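Read through the structure below, which is laid out as structure tokens, and then see the notes.
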Amino acid sequence: MTEPAATSVAEELRAIVGDRFVLERDAVLLAYQSDGLPGYHKRPSLAVFPGSRDETIEVVRLLATTGTSFVPRGAGTGLSGGALADDVVLLGLHRLKAVLDVDIARMRATVEPGVVNAALNKRLARHGVFYAPDPSSEAACTIGGNVAENAGGPHCLKYGVTLNHILAATVLLPDGEVMEIGDRDGGMAGYDLLGAFIGSEGCFGVALDITVRLTRRPAAVRTALADFAHVADATRATSAIIASGVVPAALEFMDNGTIRVVEESIFAAGYPIDAAAILLIEVDGSEESSDAEMEVVRSLCMESGARTVRVATNEAERMRLWQGRKKAFGAMGRLAPNLVVQDAVIPRTQLTDILAQIHAIGDSHGLTVCNVFHAGDGNLHPNISYDAGDPDQVERVHDAMSAIMQACITAGGSITGEHGVGLDKLPYMTKLFDEPTLAAMCDLRNAFDPDHRSNPGKVVPVHSCREWLAAPAARAPARRATDAR
Amino acid sequence: MHGDTEVAAAIREAGAAGIPLRIVGRGTWLNAGASVAAETTLSLRDDAGIRAYAPDDLTVTARAGTTLRELTETLARRDQWVALDPEGDPDGTLGATVATCSYGAAAALFGTPRDQVLGMTVVLGNGDIIRPGGKVVKNVAGFDLIRLMIGAWGTLGVITEITLRVRSRAMRGDSIAHMRRQMPASHGYREPVIVNAKISNALRQRFDPFGILNPGIMRDVE
Ligand SMILES: Cc1cc2nc3c(=O)[nH]c(=O)nc-3n(C[C@H](O)[C@H](O)[C@H](O)COP(=O)(O)OP(=O)(O)OC[C@H]3O[C@@H](n4cnc5c(N)ncnc54)[C@H](O)[C@@H]3O)c2cc1C
């Protein structure tokens, strides 16, 4: 049945957002074929970039009436392939970047999803408050993406992750309905749909605005670099600090491989290149508590075998210590054309053992694994630089990463602490969770997105979705935007 | 009731027979929420005890019927605590505290139960036993069934086991004073009402297909 003047979805989208903001040509779509994780390339059927909340609602309603699937995307810095659109519509939200309200008296701010994390904090700085979750990608990633991934960051050890800092959100459901969840005033009523939405990786719909909790800046901050000749001494110091009751604002670990890469890059931070490992430790609070806690940290590091503990004496020195950490992934990018940043969590007492295992796995696969991670939470980031053009290397990297993930699962850990499951970690979900648990996750998704049109095929393997599998005939096949209506 | 399989069997049986269940911890707060339309009680009182405590990892796992008193006393021996201090009887259970998301003064600095729970075992209305989360302090693997169950007042599943974040009592107050958050009240719980009816009812249908888990306890407002 061919209708004479079929209007394509693309044409209707153009009518909503304007010609410039619908992309269809291969050459321009290339930029959206990956996110922060190399190795995956998926071509969207087209990309659409609404410029306002109303346009976004219109776009999603159109996609709903045509049964078209879509993938919300913020800045595309995600590290699990979550924002990849495989022949479906890519819905870019970075143009929605208004800070709608800053309410210092009530310690909250409401932002559109495309607001960049660091831009919000820049805006807040003069009020002496901040939005606490600080992914290392803060200069680029969006609050919408942070909410979707339940992002963490170095300072989440003390301050908590995104979940702990979101008060409310307006969500655009995949069927086009707009829904308020949570409570700007901090009240709690009904099922915690906000809690369920945070970390839903774009599968429950689109966050149209987000109200975040603000935190007062501490009066004092102390940052120290502890230098260790043995990895095991650094992990022992980590355990000792955690056990002592001091909760550092951040407790970050970098191994020799990472230190060298950073020091050879333009982000050189003055790290000792002969150290087997360093810890970057920050405490904050009042002047007195910070001095007292730093003294505890210093002596625990020295007792654990640190060669030196150097406390930054001024802000410039402190920022320089942090710069090396925050730019470590970027620096690793210099080693080889591609870098895979892995993310896993283990109980903190297992650090020494797991790092030895990771080292051995790297050796047996002929690969160098660089470790830079949030040691205080046991949140590992083993990274491997490689050349994606070399199939043998690609296979070895893949095998090594699988072995590392399996080791973390065996140690009682998790397959992701902050980067999400996305596409990359789907195969590990069945190793971590049994079938009833995965089926329940599908049921949760089905309440928000019964047709699986929002970010299809991510987070939970489709074969784990009983209800979804039970009635395939009942569903119209999801359409592609290029299909004529 | 004792153990996941026994709870699951009881729920499956009730589901098959269409018998509504009132889910109860130690019954210290039975007038909470709207009145439950059920004659039969499923009590978790005897399903108690600490299953795993890793002081150096700062995590503890306990059965739902464990009293807050027992939890507090066990952790205090290592100078540790969990940030759960709801109003009411210290012999109230951990399961009920989490199921109602009840909080006290500690919430202003440490958050409510929703910010403390790392993992759970839950028996759903269809008798499935699920284990979302884990025993690590940071975890984003999969959709967040844990937050869904916290404060759901037993209507989406019966929580049988909970893993919590543990804190040291030696932590200095003046290092966290600036983190104090505005709370609507000094103590409270998640209101048992149905808001966002479309999604909430879809969840109820999926997680309690026979309508047997604490029916009536959630007020309808929409
Ligand atoms: C160098 C580097 C360092 C990093 N460091 C950290 C770190 O320390 N901690 C950490 O947690 N992560 C880190 N990341 C990962 C990444 O930055 C975070 O996951 C971030 O939250 C993603 O934000 P984004 O805007 O780029 O989202 P995208 O990559 O565009 O999207 C990520 C997911 O969010 C969904 N999404 C985006 N916007 C919305 C919306 N408005 N509504 C619904 N769903 C949406 C997408 O569908 C996708 O599933 C790092 C990445 C890089 C490249």
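Each protein sequence line maps, in turn, to chains A and B. Going letter by letter, the first sequence gives residues 371 to 855 in my numbering. Going letter by letter, the second sequence gives residues 789 to 1010 in my numbering. Beta carbons: idealized from backbone N, C-alpha and C, even for Gly. Nothing here was measured: the structure is a model prediction, and the numbers come from that model.
Selected residue, minimal CA-CA separation from Glu634(A), among Gly557(A), Ala647(A), Leu705(A), Asn520(A): Nearest in C-alpha terms to Glu634(A), of all of Gly557(A), Ala647(A), Leu705(A), Asn520(A), is Leu705(A).
Counting only the same chain and skipping the five closest in sequence on each side, list residues whose C-beta sits under 6 Å from that of Gly792(A). Ser450, Gly451, Gly452, Lys828
For ligand 1, I want to know if Glu788(A) counts as a neighbour, meaning its beta carbon is within less than 7 Å of at least one of the ligand's heavy atoms. Yes, Cβ of Glu788(A) sits closer than 7 Å to a heavy atom of ligand 1.
Once you ignore the five residues that flank Ala509(A) on each side, which residues in its own chain have a CB closer than 6 Å to its CB? Ala488
Can you look up Arg766(A) in the DSSP assignment and give me helix, strand or coil? helix
Per DSSP, what kind of secondary structure is Val429(A) in: helix, strand or coil? helix
Ile889(B) lies in the alpha helix (DSSP H); which residues open and close that run? At residue 889(B) the sequence reads Cys, which differs from the Ile that was named. Segment: none, Cys889(B) is in no alpha helix (DSSP H) and carries neither H nor E.
Cα-Cα, which of Leu650(A), Val616(A), Gly748(A), Ile629(A) is closest to Glu687(A)? Leu650(A)
Could you check whether the Cβ of Cys511(A) sits closer than 7 Å to any heavy atom belonging to ligand 1? yes
How would you list, in chain order, the residues of chain B whose beta-carbon sits under 7 Å from the beta-carbon of Arg586(A)? His966
For the beta strand (DSSP E) containing Pro752(A), name the first residue and the last one. 752 to 756
Are the C-beta of Pro972(B) and some C-beta of chain A separated by less than 8 Å? yes
Please list, in chain order, all residues of the same chain as Thr605(A) whose beta carbon is under 6 Å from its beta carbon, the five residues on each side excluded. Leu721, Thr722
For Cys740(A), which beta-bridge partners are listed by DSSP? Asn753(A)
Relative to the C-alpha of Arg423(A), which residue among His464(A), Thr438(A), Val458(A) is closest? His464(A)
Would you identify the three-state DSSP class for Arg841(B), choosing helix, strand or coil? Correcting the residue type first, residue 841(B) is Tyr in the shown sequence and not Arg. Three-state DSSP puts Tyr841(B) in a strand.
Inter-residue CB distance, Ile643(A) and Ile629(A) (contact presumed, cutoff 8 Å): 6 Å
For a quick check, are the C-beta atoms of Glu788(A) and Glu519(A) less than 8 Å apart? Judged by their CB atoms, Glu788(A) and Glu519(A) are nearer to each other than the 8 Å cut-off.
Chain A beta carbons: is any one of them nearer than 8 Å to that of Glu949(B)? no
With 16 other Cβ atoms within 10 Å as the buried cut-off, status of His822(A): Counting Cβ neighbours within 10 Å, His822(A) comes out buried, since at least 16 surround it.
If you measure between the beta carbons of Leu933(B) and Leu814(A), is that distance less than 8 Å? yes
Which of helix, strand or coil does DSSP assign to Ala846(A)? Caution applies to Ala846(A), whose pLDDT of 46 falls short of 50 and renders its modelled position unreliable; the value that the coordinates give is listed next. Here Ala846(A) sits in coil by DSSP.
Which of helix, strand or coil does DSSP assign to Trp941(B)? Trp941(B) carries a coil assignment under DSSP once its states are collapsed to helix, strand and coil.
Classify Met689(A) as buried or exposed, calling it buried when 16 or more other Cβ atoms lie within 10 Å of its own Cβ. exposed
Using a Cβ-Cβ cutoff of 9 Å, what residues of the region 808 to 821 of chain A are near chain B? List them in chain order. Leu808, Ala809, Ala810, Met811, Cys812, Asp813, Leu814, Arg815, Asn816, Ala817, Phe818, Pro820
Are the beta-carbon atoms of Pro808(B) and Ile1000(B) separated by less than 8 Å? In this structure, Ile1000(B) lies closer than 8 Å to Pro808(B) by Cβ.
Any heavy atom of ligand 1 closer than 7 Å to the Cβ of Asn491(A)? no
Output, in sequence order along the chain, the residues in the region 974 to 1006 of chain B whose CB is closer than 7 Å to any CB in chain A. Arg978, Glu979, Val981, Ile982, Val983, Asn984, Ile987, Ser988, Ala990, Leu991, Arg994, Phe995
At the level of alpha carbons, what is the spacing between Gly515(A) and Ala805(B)? 45 Å
Can you tell me whether Pro414(A) is buried or exposed? The criterion is at least 16 other CB atoms within 10 Å of its CB, across all chains shown. buried
Residues, ordered as in the chain, of the region 804 to 832 of chain B that lie near chain A by beta-carbon distance below 7 Å: Here the close residues number zero.
Taking the CB atoms as reference points, tell me whether Leu832(B) and Thr881(B) lie closer together than 8 Å. yes
Whose C-beta lies closer than 8 Å to the C-beta of Phe898(B) among residues of the same chain, with five residues either side of it excluded? Excluding the 5 residues flanking it on each side, Phe898(B) has same chain C-beta neighbours closer than 8 Å at Ala871, Gln904, Arg955, in chain order.
Going by the CB atoms, is the gap between Pro752(A) and Val458(A) shorter than 8 Å? Contact flag unset, no.
Taking 7 Å as the cut-off, is the CB of Ala619(A) close to at least one heavy atom of ligand 1? no
Simplified DSSP assignment, three categories, for Val848(B): Reduced to three states, the DSSP call for Val848(B) is strand.
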